[in-house]
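Some notes on the structure that comes next.
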Amino acid sequence: MELRHLRYFITVAEELNFSKAALKLYTAQPSLSQQIKDLEEDVGVRLLNRTKRKVELTEEGEVFLEHARLTLAQADKAVAMARQVSKAKQQLLRIGFVPIAEMKIFPYVLPNLRLQHPDLTIELSSLNNAEQLKALKRGELDITFTRDNTENDEIQSQFVLTEPLIFLLPRNHPL
């Protein structure tokens, strides 16, 4: 028994007419009739009473219809959940950073990123420059904020922040 057999049966049961059900399912009526016969053989009971003028559910067909609907709903839910997991995996942004990015860049970038992409999962990793480069090359990070200006055939860089450096010393220091 296949899920399509359940879909076919449910449609015939709702329409109570093979021709209308076949149109709704975009299939030929003789093929649909054969699919329902195959289903009845698989189940081992008659699910429909057919006459030239009408189609009726048997008592067994009524019970089967209820459970077929539940089964299809569960199958549809399983497919949706699998797709949701796949989509969630695709919407993961792994960011490597040095501490200055956490203070100077993330407060501005992350809130906007989350507003524009609410389903995006952001994974942050504080790493030194060398670790970030290795992780980026291995595909463990998607983007890094680093102090190194490493650009080659595999990596593109963009300058995003100038950080002023000020030296301090005591007033009475000999310098």
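Everything in the sequence shown is counted per our numbering, starting at -18 for the first residue and increasing by one.
Yeah, the Cβ is synthetic: ideal placement off N, Cα and C, and Gly gets one too.
Sheet register partners of residue i (DSSP bridge)
i	result
arginine 31	Val36
leucine 73	Thr102
phenylalanine 140	Answer by DSSP bridge pairing: none, since phenylalanine 140 is not bridged.
Of the listed residues the options, nearest to residue i (C-alpha basis)
i	options	result
arginine 50	Pro88, Arg95, Glu(-5)	Glu(-5)
glutamate 135	Thr143, Gly120, Arg128, Val141	Gly120
glutamate 43	Arg27, Asn93, Leu(-16), Asp100	Arg27
serine 138	Ile124, Ala63, Val(-7), Leu13	Ile124
aspartate 23	Lys5, Lys1, Met(-18)	Met(-18)
threonine 143	Asn133, Arg128, Leu20, Arg152	Arg128
histidine 98	Asn109, Leu20, Met84, Lys68	Lys68
Which of helix, strand or coil DSSP assigns to residue i
i	result
isoleucine -9	helix
phenylalanine -1	helix
phenylalanine 78	strand
isoleucine 17	helix
glutamate -17	coil
threonine 52	helix
glycine 42	helix
leucine 150	coil
alanine 59	helix
valine 24	helix
proline 155	coil
Below-8 angstroms beta-carbon distance, residue i vs any chain C residue
i	result
lysine 115	The chain labelled as chain C is not found in the depicted structure, where only one protein chain is given.
C-beta atoms of residue i and residue j nearer than 8 angstroms
i	j	result
isoleucine 17	phenylalanine 45	no
glutamate 104	isoleucine 76	yes
leucine 53	arginine -12	yes
leucine 94	leucine 101	yes
phenylalanine 140	phenylalanine 78	no
proline 80	serine 107	yes
valine 73	valine 36	In the sequence as presented, valine is not what sits at residue 73; that position holds leucine. For leucine 73 and valine 36, no; Cβs fall outside 8 angstroms.
phenylalanine -1	serine 14	yes
leucine 29	valine 66	no
alanine 3	alanine 9	yes
message: In chain order, what are the residue ranges of uninterrupted beta strand (DSSP E) at least 3 long that sit wholly in the segment 81 to 138?
response: Qualifying beta strand (DSSP E) stretches, in chain order: 102 to 107, 124 to 126.
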